[in-house]
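Sequences listed follow chains A and B, in order. Each residue of the first sequence is one higher than the one before, counting from 10 in our numbering. Each residue of the second sequence is one higher than the one before, counting from 294 in our numbering. For glycine and all other residues, C-beta sits at the position ideal for the given N, C-alpha and C. Fair warning: this is a prediction, and the values are worked out from it, not measured in the lab.
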Amino acid sequence: KQEVTQIPAALSVPEGENLVLNCSFTDSAIYNLQWFRQDPGKGLTSLLLIQSSQREQTSGRLNASLDKSSGRSTLYIAASQPGDSATYLCAVRIGANSKLTFGKGITLSVRP
Amino acid sequence: DGGITQSPKYLFRKEGQNVTLSCEQNLNHDAMYWYRQDPGQGLRLIYYSQIVNDFQKGDIAEGYSVSREKKESFPLTVTSAQKNPTAFYLCASSLPPHTEAFFGQGTRLTVV
């Protein structure tokens, strides 16, 4: 059974810091991995999708990497801003028609 | 604008009542999903549908029912058999094989 872990559960950093959020999964045979952002009381916003054949994806200040063999993905946020404060979730899919399995998320607070 | 619309945003249920949560998408996606989110537990899959008139149980289907009569719509009914329905419910859709998942803004259900 695929399990996804995100540690730590919460993180607080000063504005301007570059930071890395970690995601680990137990079964390396994944189809793709997706990073989401969730603001309090809101739905999930897709940030980046990495297919199993890819090593990384970039969007603006965000960069996500994937290492299937070690069962890990990282989300790198450059020059963090208070507006980046939110919960970040990663999710993996084992097949094109399968469900997403989620981690519990990392709640990020960026202090002005 | 293309997207997923969930309604209502807030819903209150009395003991013994069935309630139905609406999910509509205009993304022309084949697959649709219902997740439940509880504090500290992450997202758990209730039901999913890969195609019209077909759906499968997820990890926590007991006390819930769904239908998929139209490609655009995937309503979720929370029945009186669900003993602890208070939670945040999220609907998602995706289009295999690319399978980037998109989420609605959620419905918060409270038992009163």
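Given that residue i touches chain B, what residues does it touch there, using C-beta distances under 7 angstroms?
i: L58 (chain A); result: E393
i: F111 (chain A); result: G335, L336
i: Q43 (chain A); result: E393, A394
Note down the Cα distance separating residue i from residue j, rounded to an integer number of angstroms.
i: C99 (chain A); j: G114 (chain A); result: 7 angstroms
i: A18 (chain A); j: P378 (chain B); result: 25 angstroms
i: R401 (chain B); j: Y357 (chain B); result: 15 angstroms
i: K77 (chain A); j: Q310 (chain B); result: 46 angstroms
i: Q63 (chain A); j: A38 (chain A); result: 13 angstroms
i: S118 (chain A); j: F45 (chain A); result: 16 angstroms
i: S360 (chain B); j: F348 (chain B); result: 8 angstroms
i: E355 (chain B); j: F34 (chain A); result: 27 angstroms
i: D352 (chain B); j: T392 (chain B); result: 20 angstroms
i: V312 (chain B); j: R306 (chain B); result: 7 angstroms
i: K376 (chain B); j: E308 (chain B); result: 9 angstroms
i: Q398 (chain B); j: S79 (chain A); result: 33 angstroms
With a threshold of 16 other CB atoms inside 10 Å of the CB of residue i, please say whether the residue is buried or exposed.
i: F396 (chain B); result: buried
i: T403 (chain B); result: exposed
i: Q334 (chain B); result: exposed
i: Q47 (chain A); result: buried
i: A87 (chain A); result: exposed
i: A374 (chain B); result: exposed
i: R102 (chain A); result: buried
Report the neighbours of residue i on chain A: residues whose CB is nearer than 7 angstroms to its CB, in chain order.
i: Y341 (chain B); result: K108
i: Y303 (chain B); result: Result: empty, since nearest Cβ-Cβ is about 10 angstroms, beyond 7 angstroms.
i: F348 (chain B); result: The contacting residues do not exist; F348 (chain B) stays about 12 angstroms from chain A at best.
i: Q398 (chain B); result: K51, G52
Taking DSSP's pairing of strands, which residues face residue i in a bridge?
i: Y341 (chain B); result: B:Y326, B:Q349
i: Y303 (chain B); result: B:R401
i: G335 (chain B); result: B:D331
i: K363 (chain B); result: B:S366
i: Q318 (chain B); result: B:I297
i: L56 (chain A); result: L56 (chain A) pairs with nothing; no bridge assigned.
i: E65 (chain A); result: A:S74
i: T110 (chain A); result: A:V101
i: Q47 (chain A); result: A:L53, A:T96
Please list the partners that residue i has in chain B, where partner means a Cβ-to-Cβ separation under 8 angstroms.
i: G2 (chain A); result: Past the edges of chain A, shown from 10 to 121, lies residue 2 (chain A), and the structure says nothing about it.
i: L30 (chain A); result: Near L30 (chain A) there are no residues of chain B at all, since even the closest Cβ is about 15 angstroms away, more than 8 angstroms.
What does residue i reach in chain A if we use C-beta pairs closer than 9 angstroms?
i: G351 (chain B); result: K108
Please confirm if residue i has its CB atom under 8 angstroms from at least one CB of chain C.
i: Q66 (chain A); result: No chain C appears in the structure shown, which is made up of the protein chains A and B.
In chain B, which residues lie with their C-beta within 9 angstroms of the C-beta of residue i?
i: Q90 (chain A); result: Within 9 angstroms Cβ-Cβ: nothing; Q90 (chain A) doesn't reach chain B, min ~23 angstroms.
Q) Going along the chain, which residues of the stretch 76-88 of chain A sit with their C-beta nearer than 7 angstroms to a C-beta in chain B? A) none
Q. If contact means a Cβ-Cβ distance below 9 angstroms, which residues of the stretch 360-394 of chain B contact chain A?
A. F381, L383, C384, A385, S387, P389, P390, H391, T392, E393, A394
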